[in-house]
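Trainee: Here the sequence shown is numbered in the working numbering, starting from 7 and rising by one per residue. Glycine is no exception: its CB is placed at the ideal position from the N, C-alpha and C atoms. All figures in this text were calculated on a predicted structure; none of them were measured in a lab. So that we are looking at the same thing, I have put the structure below in structure tokens.
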Amino acid sequence: MSRAIPACRDAVRPSLEHPHSAPIRVGLLTARLIRRGVGWLVPAVAFYAAVEVFSYEQTYPDAASRQKLAALSDDPAMRMLQGIPHAVDTPGGFVAWDAGWMLAAIIGIWALLVAGRLLRGEEESGRAELVLAGPMRPARVVMVQEAVIAGAALAAGASAAVTMAVTGAGNSGSAVFGLGLAGFAATFAGVAALFAQIFQVRRRVTAASAAVFGLSFLVRMAANSADSRGWLRWFTPFGWLDELHAYRGLGWLALTVLLAAPAALACVAVALRTRRDTGGALLKEPDRARARLRGLGGPVAFAWRGTRGMLAGWLLGIAGYAFTAGALIVTALDFMAEDPSYQRVLETIGWDAADVAEGFAGIMGILIGLLIALYACWRIGAARAEEAGGRLDHVLARPIARRRWLGGHIVLTSGSALLLALAAAAAMWAGASATGAGIGFADTLAATLNPVPVAVLATGLAVLLFGAEPRLTVPGSAASVVVAYLVEMIGPALHWTGPVLDISPFHHIASVPAEPFRARRRRRHGRGRCPALRGRRSALRASGPHRRLTARNARTAGGIGSQKLRIQ
7 MSRAIPACRD
17 AVRPSLEHPH
27 SAPIRVGLLT
37 ARLIRRGVGW
47 LVPAVAFYAA
57 VEVFSYEQTY
67 PDAASRQKLA
77 ALSDDPAMRM
87 LQGIPHAVDT
97 PGGFVAWDAG
107 WMLAAIIGIW
117 ALLVAGRLLR
127 GEEESGRAEL
137 VLAGPMRPAR
147 VVMVQEAVIA
157 GAALAAGASA
167 AVTMAVTGAG
177 NSGSAVFGLG
187 LAGFAATFAG
197 VAALFAQIFQ
207 VRRRVTAASA
217 AVFGLSFLVR
227 MAANSADSRG
237 WLRWFTPFGW
247 LDELHAYRGL
257 GWLALTVLLA
267 APAALACVAV
277 ALRTRRDTGG
287 ALLKEPDRAR
297 ARLRGLGGPV
307 AFAWRGTRGM
317 LAGWLLGIAG
327 YAFTAGALIV
337 TALDFMAEDP
347 SYQRVLETIG
357 WDAADVAEGF
367 AGIMGILIGL
377 LIALYACWRI
387 GAARAEEAGG
397 RLDHVLARPI
407 ARRRWLGGHI
417 VLTSGSALLL
427 ALAAAAAMWA
437 GASATGAGIG
447 FADTLAATLN
457 PVPVAVLATG
467 LAVLLFGAEP
477 RLTVPGSAAS
487 VVVAYLVEMI
497 GPALHWTGPV
507 LDISPFHHIA
517 SVPAEPFRAR
527 RRRRHGRGRC
537 PALRGRRSAL
547 RASGPHRRLT
557 ARNARTAGGI
567 GSQKLRIQ
């Protein structure tokens, strides 16, 4: 006993003697917690930017084709989705217009999810108390964590800027564009940090932040629908990016707002942190509430109860995108009627220009299939979160086998993917009907149901990763789906060989309804070339009795690593 006391004093003495090193240690700990996400995000953003620049140079090689692009991009429906075209006759301006909003959305969603996890999830799980036991005030911890998240957003923006500068988009414009992306992501991280002080539960923080994100995009669509509503762009971060004009006529005011908004939100979040206790929130919840027993009768019902909110969010987002895609069919028809020479451009991306409406619906259907496949990855990730958070222990304490529990998640994922496809078909048909495109519901239904096998494949891959390497359940499967989509999109233009293109499941999907549904090819692909589906049984076995390392056991096995708040 007498020997243990001096050892304990020696262990805590460095932090007590050097209180100024505490922020550095908290920053390093925060960086460690998000290093895997940053490791996936940075190269993905750089790759996306490089693909956009190369595609632009291949598709629009001369000034004439770029002028036609400018005419197409100035259509009101296209402006609502893509934004206001600016300097699209340059590679950098095209990437900022065509992919800027998508890159910003990817980095912004990642930032708000990470901010909610660090600033509220750690308190909810009790791990934040280990950090607050040191010589640091809670408000200062929040400040350091927000700074680390902002640094990660800056790294993602820098990866896009460096890639575009290297590929010839321009150094100064690329630097401004990268700063804009970083400021956009840091803004939504600040929004999540603000809600983390208001709500006591992480899922409500995420839901509120996602709602603000979606509302911001809707405001931007309204602002770009007509020149008279352009003033609305100053009320949304998406609009600030539209006003940035990184590659011609820099908008200094927009850049200032993009950099000042995150700092202002961070200061407000830090100030609010001083007004509440650890584990508490500014918005008090009642200590007693009526018990909600619906959805507790079995593992499948319980899984549905815990993820129906996520399904609702994805459904609204995909349906909104499908509606806009349906409204753009008329734009494609008009442009083809005015400029038949643009057919060569469409043929380079695999679009049958002889049937524009059905071809456009087929292309949009495949893109919607990508979104549904990503949902499937995140939906299986909910099973991983249930295990990592310790909630699975309470389920398995009852006479329920792990295979039955995981099988319920697989069934719900497949059913939800089908529901998303049906909702997207209805939304696309509604958008086409509202603009008089003349395409029927059967065509849009065929277009959105066509890529559902890819979602099934993504489900199998996610289950396989969940059984073999749980940490890679979402990032590994989602990255594989995105890479497969990019292979199909850019492979034909780059004249890649058939074996390389066959790797992508999207390559085995016809552009329905412009082309007939190739069911036999799908069956062959599913049996012979789909190791993820053939590995489902091994995944179920790996997640069954042979893998009993639940969240509680993992934290125990972590030893000293659990004292550093390692997230399983």
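Relative to the C-alpha of residue 495, which candidate in 480, 482 and 511 has its C-alpha closest?
Mentor: Here the closest residue by C-alpha is 511.
Trainee: Is the Cβ-Cβ distance between residue 291 and residue 206 less than 9 Å?
Mentor: The answer is yes: Cβ separation under 9 Å.
Trainee: Is residue 226 buried or exposed, if buried means 16 or more other CB atoms sit within 10 Å of its CB?
Mentor: Its Cβ being crowded by 16 or more others within 10 Å, residue 226 is buried.
Trainee: Buried or exposed: residue 475, going by 16 or more other Cβ atoms within 10 Å of its Cβ?
Mentor: Label assigned to residue 475: exposed.
Trainee: Count the other CB atoms, across all protein chains shown, that sit within 10 Å of the CB of residue 166; report buried if there are 16 or more and exposed otherwise.
Mentor: Buried.
Trainee: So, does the stretch 269–280 touch the stretch 239–253, judging by three or more C-beta pairs under 8 Å?
Mentor: Not touching, per the Cβ criterion.
Trainee: Taking C-beta to C-beta, are residue 419 and residue 385 nearer than 9 Å?
Mentor: For residue 419 and residue 385, yes; Cβs fall inside 9 Å.
Trainee: My output table needs one value for residue 531: the three-state DSSP class, helix, strand or coil.
Mentor: Reliability of the predicted coordinates at residue 531 is poor, the pLDDT of 47 falling under 50, and no value is obtained from them.
Trainee: Nearest CA to the CA of residue 99: which residue from 49, 449, 39 and 171?
Mentor: Comparing Cα-Cα distances from residue 99 to each of 49, 449, 39 and 171, the minimum goes to 171.
Trainee: Quick check: what's the CA-CA separation for residue 413 versus residue 123?
Mentor: Their backbone Cα atoms lie some 27 Å apart in a straight line.
Trainee: Within a Cβ cutoff of 6 Å, which residues of the same chain sit near residue 455, ignoring the five residues on either side of it in sequence?
Mentor: The answer, listed in chain order, is 427.
Trainee: Closest to residue 185 by C-alpha separation, out of 113, 488 and 396, would be which residue?
Mentor: Closest by alpha carbon: 113.
Trainee: Let me check understanding here. Comparing Cα to Cα, which of 197, 398, 125 and 422 lies closest to residue 285?
Mentor: Of the candidates 197, 398, 125 and 422, the one whose C-alpha sits nearest the C-alpha of residue 285 is 125.
Trainee: Taking the C-alpha atoms as reference points, what is the distance between residue 101 and residue 424?
Mentor: The alpha-carbon atoms of residue 101 and residue 424 are separated by roughly 33 Å.
Trainee: Is the Cβ-Cβ distance between residue 278 and residue 200 less than 9 Å?
Mentor: Yes. Within cutoff.
Trainee: To which residues of the same chain is residue 86 closer than 7 Å at the C-beta, ignoring the five residues directly before and after it?
Mentor: The residues are 227, 230, 231 and 330.
Trainee: Does DSSP put residue 5 in a helix, in a strand, or in coil?
Mentor: No information on residue 5 is available, as it lies outside the stretch 7 to 574 that the chain covers here.
Trainee: Ignore the nearest five residues each way along the sequence and tell me which others in residue 415's own chain have a CB closer than 6 Å to its CB.
Mentor: Around residue 415: 309 and 389.
Trainee: Between which two residues does the alpha helix (DSSP H) carrying residue 105 extend?
Mentor: Unbroken run through residue 105: none, as it is neither H nor E.
Trainee: From residue 49 to residue 405, what distance separates their C-alpha atoms?
Mentor: Approximately 44 Å, taken between the alpha carbons.
Trainee: If you run the structure through DSSP and keep just helix, strand and coil, what is residue 239?
Mentor: Correct three-state label for residue 239: helix.
Trainee: Could you pull out every unbroken beta strand (DSSP E) segment of at least 3 residues lying fully inside the stretch 419–480, listed in chain order?
Mentor: List check, beta strand (DSSP E) in window: nothing returned.
Trainee: Assuming residue 287 is part of the alpha helix (DSSP H), what are its boundary residues?
Mentor: Run containing residue 287: none; DSSP gives neither H nor E here.
Trainee: Counting only C-beta atoms, is residue 115 closer than 9 Å to chain B at any point?
Mentor: Absent here is chain B; the protein component of the structure consists of one chain.
Trainee: Less than 6 Å between C-beta atoms, sequence neighbours within five positions excluded: which residues of the same chain meet that for residue 150?
Mentor: Result list for residue 150: 29, 32 and 33, in chain order.
Trainee: Please return the same chain residues whose Cβ sits closer than 7 Å to the Cβ of residue 449, not counting the five positions on each side in sequence.
Mentor: Excluding positions up to five away in sequence, the list reads 364, 367 and 519.
Trainee: The alpha helix (DSSP H) with residue 49 in it runs from where to where?
Mentor: Its alpha helix (DSSP H) spans residues 28–65.
Trainee: From residue 451 to residue 202, what distance separates their C-alpha atoms?
Mentor: Rounded to whole angstroms, residue 451 to residue 202 spans 40 Å at the Cα level.
Trainee: State the CB to CB distance for the pair residue 372 and residue 457, rounded to an integer number of angstroms; the pair is presumed to be in contact (CB under 8 Å).
Mentor: Indeed, because the Cβ distance is near 5 Å, the residues count as touching under 8 Å.
Trainee: Measure the C-alpha to C-alpha separation of residue 246 and residue 220 and round it to an integer number of angstroms.
Mentor: Roughly 15 Å between the two C-alpha positions.
Trainee: Quick check on this structure: which residue in 43, 234, 323 and 145 has the alpha carbon closest to the alpha carbon of residue 280?
Mentor: Selected option, being the one with the closest Cα: 145.
Trainee: Go ahead and pull the three-state DSSP assignment for residue 546.
Mentor: Residue placement at residue 546 is poorly supported in this model, since its pLDDT is 48, which falls under 50; the coordinates still yield a value, given next. In the structure shown, residue 546 sits in a helix (DSSP, three-state: H, G or I).
Trainee: Distance, Cα to Cα, residue 105 vs residue 403?
Mentor: In a straight line, the C-alpha of residue 105 is about 48 Å away from that of residue 403.
Trainee: For a test of the three-state rule: what should DSSP assign to residue 249, helix, strand or coil?
Mentor: In the structure shown, residue 249 sits in coil (DSSP, three-state: anything other than H, G, I, E or B).
Trainee: Going along the chain, which residues of its own chain have a beta-carbon closer than 7 Å to the beta-carbon of residue 212, five neighbours each way excluded?
Mentor: Only 119 and 122 meet the Cβ criterion.
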